[in-house]
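Here's the structure, in structure tokens; my notes come after.
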Amino acid sequence: MYKIAISDLDGTLLGPDHKISNTTKQSIDQWIQNDRRFVIATGRHYIEAKTIQDEIIESTYLISSNGARVHNKHGEIVLKQNLPADIATIICNDYFDSEIQTNLFTDQQWYANFLLPELTEMSLNKKFQCEVTNLKEIDKSDTIKIFFWGEREKLNIIYKALHLQFSDKINLTFSLDRCLEVMAANANKGSAITALLASKNLSVEQTIAFGDGMNDVEMLQVVGKPILMANSQADLLKALPDAEITKSSKENGVAIKLNSILHNAKNTKT
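Heads up: the sequence shown runs through residues 543 to 812, numbered per this note's numbering.
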């Protein structure tokens, strides 16, 4: 039986308003009370993701920036994979488009070449805001990830160019149709989960994971039971055609599945 549930945030655990519903909070609480664990795995920065974690569960492990960081319950980094500084420098120098917002995360900062109201409004922690700067001039030694925000057609061009130039030296993924993310080659949610479970002698077969975007694909491939949201990206549905599909994030799809597992477990005991 599944003992560990792992969930993405945007489009999965969070509704279209980027908030977690009371229904979902209650289902997670029931899940934990039944001697199970719940872990967040998101593309968002740790500072933002911690805001949601604090709403729903006592501090536990948190996977952020698509697996480039894993923090323990004390807020200490236990897994760290930076984007190589030389690659980050080339990207910030050469892949500039005035119509595409380029963003760079470090452990304490979120930098960008210009402000974008829709991204600012999506922030989960109002104290963690984008700082506009010349990306060519900042230190790249602690780069967690770089992400581009804009029209998909332009992002596709950047994707192809980056893939051609760096090949297997980076991990490229579309977390949203308008968001192209660049991490270290081995930084993904799947590798972070595998390392975390191994360090705790926990079985992958006992894990269930929820996701909706292509930055979730590695995570969904390594767990015992992958669950896709009804609102998942078309590319993810194609990548995992045999995966179970739950209701959309707007319909509390994560809560519905967790409740179903608990209900079945209770009936099995009786």
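Glycine included, each C-beta is placed from N, C-alpha and C at the ideal position.
Under the rule that 16 or more other beta-carbon atoms within 10 Å means buried, what is residue i, buried or exposed?
i	result
residue 619	exposed
residue 673	exposed
residue 768	buried
residue 756	buried
residue 559	exposed
residue 819	As displayed, the chain neither begins before 543 nor continues past 812, which places residue 819 out of reach and without an answer.
residue 656	exposed
I need the boundaries of the alpha helix (DSSP H) containing residue i, first residue and last residue.
i	result
residue 598	588–598
residue 761	759–764
residue 741	731–741
residue 569	564–575
residue 851	Outside the shown range of the chain, which is 543 to 812, sits residue 851, and nothing can be said about it.
residue 707	694–708
Following the continuous beta strand (DSSP E) through residue i, name the residue where it begins and the one where it ends.
i	result
residue 579	579–583
residue 687	687–691
residue 713	712–718
residue 723	721–726
residue 554	Run containing residue 554: none; DSSP gives neither H nor E here.
residue 602	Neither: residue 602 is in no beta strand (DSSP E) and is coded neither H nor E.
If residue i and residue j are in contact, beta carbons under 8 angstroms, what's the gap, nearest whole angstrom?
i	j	result
residue 653	residue 680	6 angstroms
residue 772	residue 787	6 angstroms
residue 763	residue 546	With 8 angstroms as the limit, residue 763 and residue 546 do not qualify as a contact, their Cβ atoms being about 16 angstroms apart.
residue 724	residue 633	7 angstroms
residue 758	residue 550	5 angstroms
residue 682	residue 610	So it is not a contact: roughly 14 angstroms between Cβ atoms.
residue 569	residue 801	5 angstroms
residue 553	residue 791	5 angstroms
residue 613	residue 604	5 angstroms
From the DSSP secondary-structure annotation, give me the bridge partner or partners of residue i.
i	result
residue 561	DSSP lists no partner for residue 561.
Please give the ranges of any beta strand (DSSP E) in the stretch 604–684, keeping only runs that are unbroken, at least 3 residues long and fully inside the region. 604–606, 611–613, 619–622, 643–647 and 652–654, all fully within the stretch 604–684.
Any chance you could list the beta strand (DSSP E) runs of at least 3 consecutive residues sitting entirely within the stretch 772–799, in chain order? The qualifying runs are 786–788.
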